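Participant: Below is the structure I would like to discuss, written out as structure tokens.
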Amino acid sequence: MAKTVSESSKSATTRTPRMANIRQLFRPGNFASPDPIKPKYGPVLGLKLGSVNTVVIQSAVAASELFKNHDHDFCDRKCPIVLTAHNYCQGTLAFGRYDKSWSKFRRICSMGLSANRQTNEMARLRQKCIDDMVRYIQEDAAAAARERGEEGKVNLAHFLFLMSFNLVGNLVLSRDLLSSRSEEGKQFFDAMNEVMVWAGKPNLADFLPVLKWLDPQGIKRNMVRYMGRAMKIVSSFVNERIDDLKLAKEKTTKDFLDTLLEHTGEGKQGPATISNHNVIIIILEMFFAGSETTSSTIEWAMAELLRNPESMAKAKQELNRVIGAERKVDESDTDNLPYLQAVIKETLRLHSALPLLLPRNAMQETKYMGYFIPKGTQIFVNAWAIGRDPESWEDPLAFKPERFLGSNIEYKEQNFELIPFGSGRRICVGMPVAHKVVHLALASLLHSFDWELGNNLCPETIDMNERVGITARKLIPVEAIPKKRLCIHDHA
Ligand code: HEM
Numbered sequence: 002m003a004k005t006v007s008e009s010s011k012s013a014t015t016r017t018p019r020m021a022n023i024r025q026l027f028r029p030g031n032f033a034s035p036d037p038i039k040p041k042y043g044p045v046l047g048l049k050l051g052s053v054n055t056v057v058i059q060s061a062v063a064a065s066e067l068f069k070n071h072d073h074d075f076c077d078r079k080c081p082i083v084l085t086a087h088n089y090c091q092g093t094l095a096f097g098r099y100d101k102s103w104s105k106f107r108r109i110c111s112m113g114l115s116a117n118r119q120t121n122e123m124a125r126l127r128q129k130c131i132d133d134m135v136r137y138i139q140e141d142a143a144a145a146a147r148e149r150g151e152e153g154k155v156n157l158a159h160f161l162f163l164m165s166f167n168l169v170g171n172l173v174l175s176r177d178l179l180s181s182r183s184e185e186g187k188q189f190f191d192a193m194n195e196v197m198v199w200a201g202k203p204n205l206a207d208f209l210p211v212l213k214w215l216d217p218q219g220i221k222r223n224m225v226r227y228m229g230r231a232m233k234i235v236s237s238f239v240n241e242r243i244d245d246l247k248l249a250k251e252k253t254t255k256d257f258l259d260t261l262l263e264h265t266g267e268g269k270q271g272p273a274t275i276s277n278h279n280v281i282i283i284i285l286e287m288f289f290a291g292s293e294t295t296s297s298t299i300e301w302a303m304a305e306l307l308r309n310p311e312s313m314a315k316a317k318q319e320l321n322r323v324i325g326a327e328r329k330v331d332e333s334d335t336d337n338l339p340y341l342q343a344v345i346k347e348t349l350r351l352h353s354a355l356p357l358l359l360p361r362n363a364m365q366e367t368k369y370m371g372y373f374i375p376k377g378t379q380i381f382v383n384a385w386a387i388g389r390d391p392e393s394w395e396d397p398l399a400f401k402p403e404r405f406l407g408s409n410i411e412y413k414e415q416n417f418e419l420i421p422f423g424s425g426r427r428i429c430v431g432m433p434v435a436h437k438v439v440h441l442a443l444a445s446l447l448h449s450f451d452w453e454l455g456n457n458l459c460p461e462t463i464d465m466n467e468r469v470g471i472t473a474r475k476l477i478p479v480e481a482i483p484k485k486r487l488c489i490h491d492h493a
């Protein structure tokens with residue numbers, strides 16, 4: 002059972018004397034190792050990363066103080082150097098400064114991802130992408146067994162990523178980028194994969210600006226190359242759509258791209274329309290922000306369930322009880338699956354896709370929890386450590402979905418011990434979509450197949466290490482054998 006923020010605030014206060022003195026740490030020449038994930042330093046940690054003043058928030062109480070009382074002071078962001086490639090920083094929402102343009106893009110994105118499209122149409126797209134994934138898994142397992150004489154093991158991470166990528170493609174561009182045999186779709190996928198790899202590499206130049214022009218690790222050079230490729234392809238999609246709009250081709254539903262192109266301004270709120278460059282950046286960002294975060298969350302959930310057969314059995318029993326063996330899962334079923342919901346919360350508690358959220362930037366000198374925070378300080382909220390903090394969670398490292406049964410802790414509310422999507426003004430704009438996809442995809446994987454680990458593997462041997470990158474993906478992808486459950490109708 003989770004302790005409440007007010008319960009833990011007492012013990013947090015007793016930890017204050019151990020808190021590092023941020024002002025002292027910020028003395029010139031002070032350089033702390035870039036390893037901020039050490040709860041032993043207390044709820045607020047001050048560091049100097051190269052020349053950059055840095056604060057790491059490490060407890061639910063400190064996060065609550067930040068989001069409730071200082072969200073505005075800390076809601077700015079600094080664009081990392083790698084994202085200056087092709088002027089990405091000029092159109093980004095996720096790394097954009099907190100200004101009028103950001104507010105405008107944020108409103109348009111929330112609209113484009115939810116309200117602007119018929120709810121049924123969005124649900125149909127999610128179902129389609131997940132049904133496709135189940136079918137591909139089935140086909141791949143059968144091919145592995147037939148052609149390679151293997152047990153029919155599949156690389157789940159691969160199929161989850163394809164599904165999430167295709168889902169974003171359908172939501173924003175109405176394109177099935179990967180199931181079609183489109184060469185362009187494949188090229189885009191490959192380029193975006195590289196963009197994510199290079200964006201996730203720690204860049205010395207962000208901490209020592211003197212290195213900015215040298216680009217000693219070649220990070221920006223590579224980003225320019227791959228981002229250029231991805232932008233060229235998205236630009237051709239956008240131009241095609243502009244031509245369609247000019248020809249007034251009939252369309253029954255609007256997608257995210259239509260919302261961007263048809264935006265006609267909001268009075269004093271900046272320019273009337275969104276430039277083509279910005280349209281391309283926003284589209285890229287949806288792939289960037291929405292695909293790997295979603296797929297890696299589902300992969301961690303599967304890894305935890307494979308490692309914890311009792312939890313797997315409980316989740317399957319619930320699916321059998323609520324849905325039965327005669328039909329596949331429908332999105333509306335997920336409201337009636339409390340154990341599945343608890344599995345997902347427990348997964349997000351232990352495996353935040355963005356362990357330090359996205360860094361914020363102090364807009365002005367601020368007094369926070371008795372400390373002086375200089376303007377321009379970067380602020381990390383360590384959702385990973387908060388999710389594992391013994392001050393907030395009993396037996397914090399154990400995977401126990403039961404802790405959420407009968408509890409009212411939600412990641413969509415103001416429960417700062419569970420903040421995998423962040424909170425406040427910069428909370429994940431894709432959370433409503435992600436929430437639905439993660440539940441439906443996990444339920445479908447569990448209900449469509451019985452999963453086995455195969456010869457020579459047992460739950461205890463599943464590797465749970467994380468890979469360093471933009472998201473905390475599993476270092477070794479989950480591989481398992483999907484045994485099709487005979488009585489469930491095919492995912493056509
Ligand atoms: C399980 C899946 C996901 C997780 C765990 C996740 C997590 C996050 C987190 C932690 C942040 C930073 C919040 C903060 O700094 O307070 C964020 C921001 C963002 N997310 Fe997500 N996200 C997910 C899926 C998505 C999806 C599906 C989309 C869009 C299609 C998306 C788009 C964005 C954008 C654009 C931002 C930047 C928001 C801003 O700065 O205003 N995310 N996400």
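Taking my numbering, the leading residue of the sequence shown gets 2, the next gets one more, and so forth.
Quick reminder that beta carbons are idealized off the backbone N, C-alpha and C, glycines included.
None of the values given here were measured: they were computed from a predicted structure.
#1: Compute the Euclidean distance between the alpha carbons of Arg486 and Val323, then round it to the nearest angstrom.
#2: With distances taken from CA atoms, which of Met303, Lys233, Glu300, Val57 is nearest Asn277?
#3: Throw me the rounded Cβ distance for the Pro375 and Asn70 pair, which I believe falls under 8 angstroms.
#4: Look at the alpha carbon of Arg242 and the alpha carbon of Thr93, and state the distance between them as a whole number of angstroms.
#5: Using a Cβ-based criterion (distance less than 7 angstroms to any ligand heavy atom), does Val430 qualify as near the ligand HEM?
#6: Rounded to the nearest angstrom, how far is the Cβ of Leu341 from that of Glu319, given a contact under 8 angstroms?
#7: On the DSSP letters alone, give me the boundaries of the alpha helix (DSSP H) that Gln379 sits inside.
#8: Using a 10 Å radius around the Cβ and a threshold of 16 neighbouring Cβ atoms, would you call His264 buried or exposed?
#9: Can you grab the Cα-Cα spacing for the pair Lys329 / Ser445, in whole Å?
#10: Starting from the C-beta of Arg350, find all residues in its chain whose C-beta is less than 7 angstroms away, skip the five residues before and the five after it, and write them out in chain order.
#11: Looking at Phe288 and Phe166, is the spacing between their C-beta atoms short of 8 angstroms?
#12: Taking 6 angstroms as the limit between beta carbons, can you name the residues of its chain near Arg308, skipping five residues before and five after?
#13: Give me whichever residues DSSP pairs with Ile282 in a beta bridge.
#14: Can you tell me which of Val438, Ala473, Ala435, Ile428 puts its alpha carbon nearest to the alpha carbon of Arg107?
#15: Kindly confirm or deny that the region 127-139 and the region 435-443 touch, where touching means at least three C-beta pairs closer than 8 angstroms.
#16: Quick one: does the C-beta of Leu126 sit closer than 7 angstroms to a heavy atom of the ligand HEM?
#17: Is Leu476 helix, strand or coil by DSSP?
#18: Let me confirm a value: Trp214 is counted as buried when at least 16 other C-beta atoms fall within 10 Å, else exposed. Which label applies?
#19: Taking the beta carbon of Arg222 as the centre, do at least 16 other beta carbons fall within 10 Å, making it buried, or is it exposed?
#20: On the CB-based measure, 16 or more other CB atoms within 10 Å of its CB, does Val211 come out buried or exposed?
#21: On a CA-only basis, which of Leu179, Asn240, Ala64, Arg136 is nearest Gly43? Give me that one, please.
Facilitator: Taking the geometry as given:
#1: As a position in the sequence shown, residue 486 is number 485, starting the count at 1. As a position in the sequence shown, residue 323 is number 322, starting the count at 1. For Arg486 and Val323, the distance between alpha carbons rounds to 16 angstroms.
#2: Translated into positions along the sequence shown, residue 277 becomes position 276. Of the listed residues, the one whose Cα sits closest to Asn277 is Lys233.
#3: Counting from 1 along the sequence shown, the entry for residue 375 is found at position 374. Counting from 1 along the sequence shown, the entry for residue 70 is found at position 69. About 18 angstroms; that fails the 8 angstroms criterion.
#4: For the purposes of this step, residue 242 is taken as the residue at position 241 of the sequence shown. For the purposes of this step, residue 93 is taken as the residue at position 92 of the sequence shown. Between Arg242 and Thr93, the C-alpha separation is close to 21 angstroms.
#5: Along the sequence shown, one-based indexing puts residue 430 at 429. Yes, the Cβ of Val430 comes within 7 angstroms of a heavy atom of the ligand HEM.
#6: Stepping through the sequence shown from its first residue, residue 341 is reached at position 340. Stepping through the sequence shown from its first residue, residue 319 is reached at position 318. With 8 angstroms as the limit, Leu341 and Glu319 qualify as a contact, their Cβ atoms being about 6 angstroms apart.
#7: In the sequence shown, the residue the question calls residue 379 occupies position 378. Element bounds for Gln379: not the alpha helix (DSSP H) but the beta strand (DSSP E), 379-382.
#8: On the sequence shown, position 263 is the one that residue 264 refers to. It is buried - the Cβ of His264 has at least 16 other Cβ atoms within 10 Å.
#9: The residue you call residue 329 lines up with position 328 of the sequence shown. The residue you call residue 445 lines up with position 444 of the sequence shown. Between Lys329 and Ser445, the C-alpha separation is close to 7 angstroms.
#10: Within the sequence shown, residue 350 is the residue found at index 349, counting from 1. Answer for Arg350: Gly388, Leu419, listed in chain order.
#11: What you label residue 166 is simply residue 165 of the sequence shown in a count that begins at 1. What you label residue 288 is simply residue 287 of the sequence shown in a count that begins at 1. Yes, they are a contact pair.
#12: Here residue 308 corresponds to residue number 307 of the sequence shown, with the count starting at 1. So the list reads Pro460, Ile463, once near-sequence residues are dropped.
#13: Working through the sequence shown from its first residue, we reach residue 282 at position 281. Note: Ile282 sits in no beta bridge, so no partner.
#14: Start at 1 with the first residue of the sequence shown, and residue 107 comes out as number 106. If we check each option's Cα against that of Arg107, Ile428 comes out closest.
#15: yes
#16: Position 125 of the sequence shown, counted from the start, is the residue given in the question as residue 126. No.
#17: In the sequence shown, the residue the question calls residue 476 occupies position 475. Leu476 falls in the coil class under three-state DSSP.
#18: Translated into the one-based positions of the sequence shown, residue 214 becomes position 213. Exposed, by the Cβ-count rule.
#19: The sequence position of residue 222 within the sequence shown is 221, counting from 1. Exposed.
#20: Mapped onto the sequence shown, residue 211 falls at position 210. Counting Cβ neighbours within 10 Å, Val211 comes out exposed, since fewer than 16 surround it.
#21: The count along the sequence shown starts at 1 and reaches residue 43 at position 42. Closest option to Gly43, Cα to Cα, is Ala64.
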